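Chains as they are written, first to last, in our numbering: chain A, 224 to 325; chain B, 224 to 325.
Glycine included, C-beta positions come from ideal geometry on N, C-alpha and C.
Everything numeric in this text was worked out from a predicted model, so none of it was measured.
This report concerns only the one structure given below.
Number of protein chains: 2
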Amino acid sequence: MSSQFGNKIRTLREQQNLLLRQVASILEMDTAQLSKIERGERQAKKETVLKIAVILKVKDDELLTLWLADQIYDVVKDEKNALKAMMVAEEKVEYLKTHKQK
Amino acid sequence: MSSQFGNKIRTLREQQNLLLRQVASILEMDTAQLSKIERGERQAKKETVLKIAVILKVKDDELLTLWLADQIYDVVKDEKNALKAMMVAEEKVEYLKTHKQK
DNA sequence: ATTACATTTGCCAAATAATGTCAAGTCAAA
DNA sequence: TTTGACTTGACATTATTTGGCAAATGTAAT
Numbered sequence: 224m225s226s227q228f229g230n231k232i233r234t235l236r237e238q239q240n241l242l243l244r245q246v247a248s249i250l251e252m253d254t255a256q257l258s259k260i261e262r263g264e265r266q267a268k269k270e271t272v273l274k275i276a277v278i279l280k281v282k283d284d285e286l287l288t289l290w291l292a293d294q295i296y297d298v299v300k301d302e303k304n305a306l307k308a309m310m311v312a313e314e315k316v317e318y319l320k321t322h323k324q325k
Numbered sequence: 224m225s226s227q228f229g230n231k232i233r234t235l236r237e238q239q240n241l242l243l244r245q246v247a248s249i250l251e252m253d254t255a256q257l258s259k260i261e262r263g264e265r266q267a268k269k270e271t272v273l274k275i276a277v278i279l280k281v282k283d284d285e286l287l288t289l290w291l292a293d294q295i296y297d298v299v300k301d302e303k304n305a306l307k308a309m310m311v312a313e314e315k316v317e318y319l320k321t322h323k324q325k
């Protein structure tokens, strides 16, 4: 299963009839690179995600969420404690969220 | 806030009156290195986690879960979409879990 | 205050991983 | 069979992580 972020931006791009090379050129990146990102073979940089959101006219958050989820998945895949670990991590995030210190 | 894995193993080590240098020597690793791991300044390798579980006489899974949670936290910290992304990632893990293909 | 020992810190070299780039490859439509 | 879109693989470059050492700090006992 490929990346959710990649699938999303590929779908959006196709819906808007944009070519890889067109989007890549706006991003000032190699076409091959973008192809790999769309297929989940490479991770985009956060900065790139933001630019893509503008180009494809979607909200930052929509793409950022999928992009982050891919990264999380990367670290937990193949780990049998994945779900438990995610819950532990969630609790920590939630805890820090309410107790606003860094 | 330091790492949950680090806190855990430091606590366990102290409860058992073991010195950093003793544990480090069993692990065949630099004392400074282990000190950094306990304080969350460095990530242990999975293999090291397993060895530590044996040394400190706790279940693998207990440590592995905390260790994984730390890594997840690392990728999501400072991201405002952290919680949403974790939920998305969880769904993917759960989905793949029930539909057993890789 | 001095010693002895445990831990921490800072630094840097070595190892490892991620990225960018290019050229050649596949594939489908015209 | 030519063209254009995309993919693949290889490689050099760059960035990040790690391991190891020496010096620094902390702490308790003498």
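Residue environment: threonine 288/A is assigned as buried (16 or more neighbouring CB atoms within 10 Å of its CB, all protein chains considered).
In summary, isoleucine 275/A is buried, with 16 or more beta-carbon neighbours lying within 10 Å of its beta-carbon over all protein chains present. Within 9 Å of the CB of leucine 291/B, the CB atoms of chain A belong to Val298, Val299, Glu302, Asn304, Ala305, Lys307, Ala308, Met309, Val311, Ala312, in sequence order along the chain. Fewer than three beta-carbon pairs drawn from the stretch 264-283 of chain A and the stretch 242-260 of chain B are found closer than 8 Å, and the two stretches are therefore not classed as touching. For threonine 234/B, the closest Cβ of chain A is not nearer than 9 Å. Distance between valine 298/A and alanine 292/A, taken at the CA atoms: about 10 Å.
Around the beta carbon of leucine 242/A, fewer than 16 other beta carbons sit within 10 angstroms, so the residue counts as exposed.
Using a Cβ-Cβ cut-off of 7 Å, isoleucine 295/B is close to Ile295, Val298, Val299, Ala308, Met309, Ala312 of chain A, given in chain order.
Among the CB atoms of chain A, none fall inside 9 Å of the CB of valine 281/B. Collapsing the DSSP output to three states places lysine 268/B in coil. Scanning chain B for C-beta atoms nearer than 8 Å to the C-beta of threonine 288/A yields Asn304, Lys307, Ala308, Val311, reported in chain order.
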